[in-house]
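Below is one structure, written out as structure tokens; comments come after it.
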Amino acid sequence: ASAGDLRGPLDFGFALTRLSANPLHAEQRVVVIGDGDFISNTFLGNGGNAALGTRIFDWLLGDDTLVHLPPRAAPDRHLDIGQRGLNALTLTLAALPLLLLALASVLWWRRRRH
43 ASAGDLRGPL DFGFALTRLS ANPLHAEQRV VVIGDGDFIS NTFLGNGGNA
93 ALGTRIFDWL LGDDTLVHLP PRAAPDRHLD IGQRGLNALT LTLAALPLLL
143 LALASVLWWR RRRH
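Right, here's the structure in full:
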């Protein structure tokens, strides 16, 4: 980064809507992108620029059914937990809530007696 540049992550763009005064068009839409050449021929193949550009134009034209970028699959979906981790998980998900419930019951019972 050059001197004076802001460190990321930075907003790449904004999609804005507002209600229209014209009864024939219920909503006005505009998209402002912070990079003027992300969809140029030079950068069209980089990352998801082509897919993003297509989805932007679909949304601007009111075709909301196509406005979603396909999800990326997680590279590692398997979780290996050892016995120690399993014990900690059991404590967190079972024993701790039961302890809090017991404490709340004792406090409720003591307040009810007085």
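Under the working numbering, the first residue of the sequence shown carries the number 43, and numbering increases by one thereafter.
Note that the Cβ used here is the ideal one computed from N, Cα and C, for glycine as well.
Inter-stretch contact (C-beta, 8 Å, three-pair minimum) for the segment 64-78 and the segment 98-106
By the C-beta criterion, the segment 64-78 is judged to be in contact with the segment 98-106, since at least 3 inter-stretch pairs fall below 8 Å.
Where the alpha helix (DSSP H) containing Arg97 begins and where it ends:
Element bounds for Arg97: Asn91 to Leu102.
Nearest by alpha-carbon distance to Gly95: which of Gly55, Arg49 and Arg154 is it?
Gly55
Which stretch, first to last residue, makes up the beta strand (DSSP E) that contains Gly55?
Gly55 to Leu61
Return the CA-CA distance between Thr84 and Leu58, expressed in angstroms with no decimal places.
27 Å
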